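Sequence order for the protein chains is F and G.
Going by the working numbering, the first residue of the first sequence is number 1, and it counts up by one from there.
Going by the working numbering, the first residue of the second sequence is number 1, and it counts up by one from there.
Even for Gly, the Cβ is constructed at its ideal location relative to N, Cα and C.
Nothing here was measured: the structure is a model prediction, and the numbers come from that model.
So the structure is just underneath, and the comments pick up after that.
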Amino acid sequence: MTRLAGFLVRRLAGAAIVLWAVLTLLFFLVRAVPGDPFATEKAGNPAIREVIRQQYGLDRPLPEQYIRFLGNAARLDFGPSYRYKSWSVGQILRQGFPVSAFLGFSALALATGLGVTAGALAAARRNTWIDHLTMGVVVAGICIPGFVLAPLLIILLALLLPVLPPAGWGAPSQLILPVLVLALPNLAYISRLTRAGVLEALQKDFIVTARAKGLAERQVLYGHALRNGLAPVLAFLAPATATVVTGSFVVETIFHVPGMGKYFVSSFLHADYPLAIGSIAVYSLLLVGLNVLADLAQALLDPRVNLE
Amino acid sequence: MTEARTPLQMAVRRFRKNRLAGVCLLLLALAVAASLAVPAVRQPSGAGAERIAPGAGLLPPGPGHPFGTDAIGRDLLPRVFEGLRLTFAVGISAIVLSLALGIAYGAVAGYCGGRVDSLMMRGVDVLYGLPTIAIIMLAISVFKGYGDLLFAAREGILRRENRFLWEIALIAVVLGLTSWLTIARIVRGQVLSLKEAEFVEAARAAGAGHLRILFRHIVPNLLGPVIVYATLTLPAILLFESLLSFLGLGVQEPNVSLGLLLDDGIKRIAATSLNWWLVAFPGTLLAAVLFCLNVVGDGLRDALDVR
Chain F
1 MTRLAGFLVR RLAGAAIVLW AVLTLLFFLV RAVPGDPFAT EKAGNPAIRE VIRQQYGLDR
61 PLPEQYIRFL GNAARLDFGP SYRYKSWSVG QILRQGFPVS AFLGFSALAL ATGLGVTAGA
121 LAAARRNTWI DHLTMGVVVA GICIPGFVLA PLLIILLALL LPVLPPAGWG APSQLILPVL
181 VLALPNLAYI SRLTRAGVLE ALQKDFIVTA RAKGLAERQV LYGHALRNGL APVLAFLAPA
241 TATVVTGSFV VETIFHVPGM GKYFVSSFLH ADYPLAIGSI AVYSLLLVGL NVLADLAQAL
301 LDPRVNLE
Chain G
1 MTEARTPLQM AVRRFRKNRL AGVCLLLLAL AVAASLAVPA VRQPSGAGAE RIAPGAGLLP
61 PGPGHPFGTD AIGRDLLPRV FEGLRLTFAV GISAIVLSLA LGIAYGAVAG YCGGRVDSLM
121 MRGVDVLYGL PTIAIIMLAI SVFKGYGDLL FAAREGILRR ENRFLWEIAL IAVVLGLTSW
181 LTIARIVRGQ VLSLKEAEFV EAARAAGAGH LRILFRHIVP NLLGPVIVYA TLTLPAILLF
241 ESLLSFLGLG VQEPNVSLGL LLDDGIKRIA ATSLNWWLVA FPGTLLAAVL FCLNVVGDGL
301 RDALDVR
């Protein structure tokens, strides 16, 4: 147990260093962008612009700005947005995140459930129609980008055959298309990883043992091979969850979903740097946190994992 | 008596057995040829104003314009292949840049070993923790800002062709700068084991310097995995280029990319007029190219027996 605690402490310290590096890089890169983010405003008057800069604390010396920025970031406070005047970055993200997270978790649940089942079945019945169908979906998921799939689905399922609403947020039926578009690439990776993992596990000696002692094939497959083949899926799920849960710009724009995904792009386009830094920080925090969790789960599931 | 074969001949033999990969390679060659020929044959030359036909906007596919026309009457067929040409150009430049960076970085780290190695690879670990899309957006903001300043300061070079080249170079450089991490890791791992090989010892005994040993003796021996990895990374880079143009951060009108065409197509979908061809043709072409590249990459991996 102390080894586990030490492992956890080391991984958390590593995660904190990565987060600090991300924030520092963002802080200085944003200041390297030429041009004044407030230049587009009516504040043509330099005196007025100076007042605006003072409001945002941009007149302070750089080291002071940096220290203050890190201190606030540690409390997840990224200050007021440059573009949405009366809103703080925290308020904006708190509004968008639940929407994106709900959509993302739905898509991920679908992708994981279907992907693990399909991958395990494909591995168990190699070269049957189930295997071919699964591999077909894998190829489609990897080769058809969301911004191609989404408009085609809208044309086919919302306009040509009007069975689903083309866009919007609120009704359960409006969830279906964005969830499908978000789920497909993840479904592809999860099925492929599960299939490969189970196929590899089926070669192992413990499978021979399990069969030799007379276990039913179902139990060999689901109780032994699948459990041992899921490690790569777990490793994939950590970064995938961080990406999907913080929203996708493409999906949220095309389907008019009021999530936080659109800020990843629009905040840069409008030079709204606090919002840009805030949304990236949320993503990075989730990413490193989930990676630590995945490593921990790995260590708990597999006693052979070296904790040193 | 069996003929002796070089490893390369054996790899070519194995690749030839893979029918699907062969077909896909052929299709890719056709796509490259079409992206060079179709725009030249089917499109009036000039700055672009001649292509506009106000009366012929948003025509569905039919005789004279098999892919339909866009909102201002431009024939979609040459535009789709012009977009593909740009996507290829950006993707290949980016992959060359990322290979150069990744090989140099990984080879030096692996060859030096010890503290230099762990420091360099720790840097790669930190960069891995950064969200790619955010770094790309930031890098584009920085470069674009300075580029605009440059173009504004020197009116003389603000010609359309220069602007176009600058846009392409910007995307290629940014994508190249953000995709070399995995290559560096692969190369480092290979170099770590290769530098103990006997032929390296022999080269050292013959008096070769470090740089010569590294880049003349070691690097040519790890081209197999590097080529395989490059073919499998290329689709990801092409996808990113289309995504950037789709988001309005890549090339701008009147230049064209598959992502830009898709963005335009999506904006023109309406319940009253689907305008499906604006999305279907560029989308299908993009998906087909990505599919072929993936199949060829997998085929190369099997043929060259990498992992």
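Beta-carbon spacing of residue i, residue j below 7 Å
i	j	result
F/V137	F/V251	no
G/L262	F/F147	yes
F/G247	F/M260	yes
F/V179	F/A107	yes
G/I72	G/V187	no
G/V228	G/L293	no
F/A188	F/L234	no
F/R83	F/D272	yes
F/A15	F/V288	yes
G/A287	F/I155	no
G/G265	G/V279	yes
G/A184	G/G110	no
F/P274	F/W169	no
F/I280	G/A134	yes
G/L258	G/P282	yes
F/L193	F/F236	yes
G/F240	G/L175	yes
F/A158	F/T134	no
G/L84	G/V295	no
F/G229	F/G197	yes
G/L300	G/T233	no
G/L214	G/V80	no
G/I95	G/I269	no
Endpoints, alpha helix (DSSP H) assigned at residue i
i	result
F/S279	273-301
G/M121	114-128
F/V116	89-124
F/T128	Run containing F/T128: none; DSSP gives neither H nor E here.
F/S267	263-269
G/Q252	First-last for G/Q252: undefined, no H or E at that position.
F/F147	146-153
F/Q219	Looking at the DSSP string, F/Q219 is not in any alpha helix (DSSP H), and its letter there is neither H nor E.
G/Q9	7-17
Three-state secondary structure assigned by DSSP to residue i
i	result
F/G35	coil
G/T233	helix
G/M1	In this prediction, G/M1 scores a pLDDT of 46, lower than 50, which makes its location untrustworthy; the coordinate-derived value is nonetheless stated afterwards. Coil.
G/T69	strand
F/D77	coil
F/D59	coil
G/G64	coil
Per-residue burial, residue i [other beta carbons within 10 Å of its own, 16 or more giving buried]
i	result
F/N45	exposed
G/K267	exposed
F/I67	exposed
F/S86	exposed
G/M1	Per-residue confidence for G/M1 stands at a pLDDT of 46, beneath the threshold of 50, marking its modelled position as unreliable; no derived number is given.
G/H65	buried
G/E253	exposed
F/P172	exposed
F/F28	exposed
F/F264	buried
G/S118	exposed
G/D70	buried
F/F78	buried
The region 266-278 of chain G: which residues have C-beta closer than 7 Å to a C-beta of chain F, in chain order? I266, I269, A271, L274, W276
Relative to chain F, which residues along the region 206-230 of chain G have a C-beta separation below 9 Å, given in chain order? none
For the region 19-40 of chain F, which residues have a beta carbon sitting closer than 9 Å to at least one beta carbon of chain G? L19, A21, V22, L25, L26, L29, V30, A32, V33, P34, G35
Counting only Cβ-Cβ distances shorter than 7 Å, please list the residues of the region 24-42 of chain G near chain F, keeping chain order. none
Where the region 279-302 of chain F meets chain G: residues whose CB sits under 9 Å from a CB there: S279, I280, Y283, S284, L287, V288, N291
Which of the residues in the region 95-115 of chain G, read from start to end, lie with their CB under 7 Å from any CB of chain F? Flagged: no residues at all.
Listed in chain order, which residues of the region 116-134 of chain G have Cβ atoms closer than 7 Å to some Cβ of chain F? V126, G129, L130, P131, I133, A134
Compile a chain-ordered list of the residues in the region 118-147 of chain F whose CB is closer than 7 Å to at least one CB of chain G. Of all residues in the region 118-147 of chain F, V139, I142, C143, I144, P145, F147 have a Cβ within less than 7 Å of some Cβ in chain G.
Beta carbons nearer than 7 Å to chain F: which residues of the region 288-302 of chain G have them? Residues L290, F291, N294.
Check each residue of the region 160-179 of chain F: if its Cβ is closer than 9 Å to any Cβ of chain G, include it; give the result in chain order. L160, P162, P166
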